[in-house]
Amino acid sequence: MSDTANNPNRKSWLPVSPDSDFPIQNIPFGVFLTRDDVITIGTRIGDTAIDLGALHQLGYFDGIPLTDDIFLQDTLNDFISDGKKTWRLVRNRIAEIFDANNETLKNHEEHCKIVLFSLDEIEMQLPVQIGDYTDFYSSKEHATNVGTMFRDPDNALLPNWLHIPVGYHGRSSSIVPSGIPIRRPKGQTMPADAKEPVFGPSKLVDFELEMAFITTDANHLGEPIPVEEAEDYIFGMVLFNDWSARDIQKWEYVPLGPFLAKNFASSISPWIVTLDALQPFKVEGPKQEPEPLPYLHFKGKKSYDINLEVAITPENGEPVTVTKSNFKYMYWNMSQQLAHHTINGCNVISGDMMGSGTISGPTPDSYGSMLELTWKGEKPIKMKDGSERKFINDGDTVTMRGYCKNDKVRIGFGEVSNKLLPPFNPKKNKK
Ligand code: MN
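Here our numbering is used: position 293 in the sequence shown is 293, and no number is missing along the way.
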């Protein structure tokens with residue numbers, strides 16, 4: 001089925017500024033609370049949020065096989081379970097309804113009042129109930145930088161890295177949407193000059209610039225997903241900040257990998273941009289050498305050209321952009337990650353989230369974490385107020401943005417922006 005929603009020449013009757021992340025060619029999916037405190041599934045064109053539950057009740061999706069309550073839910077999981085064919089039918093229909101040449105809804109004032117919201121009337125929620133969350137480690141530059149700093153510059157990549165899309169199972173309960181403040185975690189660390197571990201607030205809270213993809217029900221237990229089919233099971237993508245406590249991580253991660261250094265919080269942008277909307281931005285990935293094993297072989301373009309950036313805003317201060325990277329730098333692509341994840345028969349379900357791993361580019365101004373940008377704190381970054389950052393301070397807000405752009409259309413993700421709060425204090429932070 002053709003993806004008419006991607007027609008780059010289409011214009012909407014809703015206002016869209018030229019630099020908007022959300023032209024009519026995007027049509028992302030999210031979940032929001034409306035001004036009447038009703039939770040609904042929606043989309044967004046320009047700065048207008050659209051209540052898909054209300055549109056469906058008013059008959060605008062007639063002819064598409066959807067259950068009556070598919071959009072009247074507090075997560076997208078069931079809609080994602082409906083599969084790629086249905087996602088496309090719905091995106092194509094939304095494009096038609098809001099096409100500048102279609103006056104049906106445009107001229108129906110009553111319906112518009114029910115269906116359309118300005119952004120300040122809604123509150124974005126987590127878009128899916130995240131079943132399982134897996135985080136990969138798929139940027140060669142990031143893995144090389146971390147290996148150089150913590151182990152051995154001559155053997156920065158561990159022997160398996162060029163053969164396996166390395167990953168670990170994370171925790172989904174602490175994934176929050178943009179806007180929710182994050183608390184500085186406390187934990188065990190082993191200071192450089194100490195003989196015994198100490199307990200206290202992490203001194204090295206960091207961001208990890210990542211993207212995550214969200215899957216549909218893909219396979220039965222025991223049945224792998226072939227690499228060439230993997231994209232059929234990817235619903236879409238979000239920006240992903242995998243908050244990390246480097247000092248806790250350093251002490252705890254041997255031998256089973258990250259634990260409390262990572263699971264205190266991760267945050268995501270609230271609009272899921274569909275993989276369909278990203279098709280015009282497919283590019284070749286880095287050359288893979290040595291050649292991976294056959295189950296990871298793929299044909300054609302499987303990487304995506306998505307510009308990424310991170311800004312730090314001190315409390316009452318001005319933002320400073322600390323890095324600019326790109327999703328296309330990832331060595332292992334999403335298809336390979338999903339094929340690898342399921343090659344042992346592990347089953348993937350609707351609403352599972354797979355983090356890319358920190359996305360570092362080739363140059364020092366494109367690294368995806370403060371650990372790398374400041375090189376363990378040796379090269380602090382200056383804020384506009386003259387203060388310096390080695391890692392993230394209490395009161396700082398970390399904002400990640402991402403967008404794709406060609407000469408016809410810009411498809412963006414909006415932002416994931418969260419403030420770091422001081423550590424929990426049982427006296428002050430009573431319930
Ligand atoms: Mn991570």
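The beta carbon of each residue, even a glycine, is placed where N, CA and C say it ideally should be. Note that the structure is predicted; figures quoted are calculated from it, not measured.
- Q188 is bridged by DSSP to F199.
- One residue after another in chain order, those with a Cβ under 5 Å from a heavy atom of the ligand MN are D135, E208 and D242.
- Under the DSSP assignment, G53 falls outside any beta strand (DSSP E), being part of the alpha helix (DSSP H) whose first and last residues are L52 to Q57.
- In the DSSP assignment, T216 falls outside any alpha helix (DSSP H), carrying neither H nor E.
- In this structure, the CA atom of V16 is about 29 Å from the CA atom of L66.
- Listed in chain order, the non-local C-beta contacts of N92 below 6 Å within the same chain comprise T4 and A5, local neighbours out to five positions each way being set aside.
- Leaving aside the five residues that flank V146 on each side, none in its chain has a CB nearer than 6 Å to its CB.
- Residues I225, T342, N347 and V348 of the same chain have their beta carbon placed closer than 7 Å to that of N219, with the five preceding and five following residues left out of the count.
- With respect to the 8 Å criterion, M237 and M211 are classified as neighbours on the basis of their beta carbons.
- Along the segment 318 to 362, the alpha helix (DSSP H) occurs as fully enclosed runs of 4 or more residues at 334 to 342, listed in sequence order.
- With respect to the C-alpha of Q73, the residue from I41, M353 and D47 having the closest C-alpha is I41.
- With contacts defined by Cβ atoms closer than 8 Å, I122 and L239 do not form a contacting pair.
- DSSP, read as helix, strand or coil, puts G42 in strand.
- Boundaries for M383: no alpha helix (DSSP H) harbours it, and the DSSP string shows neither H nor E there.
- Sorting F199, N241 and I182 by C-alpha distance to the C-alpha of L209 places N241 at the top.
- Distance from the CA atom of G386 to the CA atom of P319, rounded to whole angstroms, is 12 Å.
- K299 is not a Cβ neighbour of E309, given a cutoff of 8 Å.
- Under the three-pair Cβ rule at 8 Å, the segment 159 to 175 counts as touching the segment 125 to 144.
- Within the segment 104 to 149, the alpha helix (DSSP H) runs of at least 4 residues that lie entirely inside it are, in chain order, 109 to 115.
- The residue from V416, G414 and K376 with its alpha-carbon nearest to that of M149 is K376.
- With a 10 Å radius around the Cβ and a threshold of 16 neighbouring Cβ atoms, V198 comes out exposed.
- With at least 16 other beta carbons inside 10 angstroms of its own, A95 counts as buried.
- In this structure, the CA atom of F259 is about 32 Å from the CA atom of E228.
- Per DSSP, E229 is not a residue of any alpha helix (DSSP H), being assigned neither H nor E.
- The secondary-structure analysis by DSSP pairs V283 across a beta bridge with S303.
- By the neighbour-count definition (other C-beta atoms within 10 Å, threshold 16), C112 is an exposed residue.
- Excluding five sequence positions before and after S350, the CB atoms of its chain that fall closer than 6 Å to its own CB belong to N77, I80, S81, T216 and D217, given in chain order.
- Ranking G402, G317 and G257 by CA distance to the CA of S20 puts G402 first.
- The segment 411 to 427 makes contact with the segment 390 to 402, as at least three CB pairs between them are under 8 Å.
- By the C-beta density criterion, T104 is exposed, having fewer than 16 other C-beta atoms within 10 angstroms.
- Taking every protein chain shown into account, the CB of F424 has fewer than 16 other CB atoms within 10 angstroms, so this residue is exposed.
- About 20 Å separates the CB atoms of W251 and S266; that is not less than 8 Å, and the two are not in contact.
- DSSP places L89 in the uninterrupted alpha helix (DSSP H) bounded by K84 to I97.
- Exclusion of the five residues before and after G53 leaves T40, I41, F71 and L72 as the residues of its chain whose Cβ lies within less than 7 Å of its Cβ.
- With respect to the 8 Å criterion, I24 and R10 are classified as neighbours on the basis of their beta carbons.
- According to the DSSP assignment, S81 belongs to the alpha helix (DSSP H) that extends over N77 to S81.
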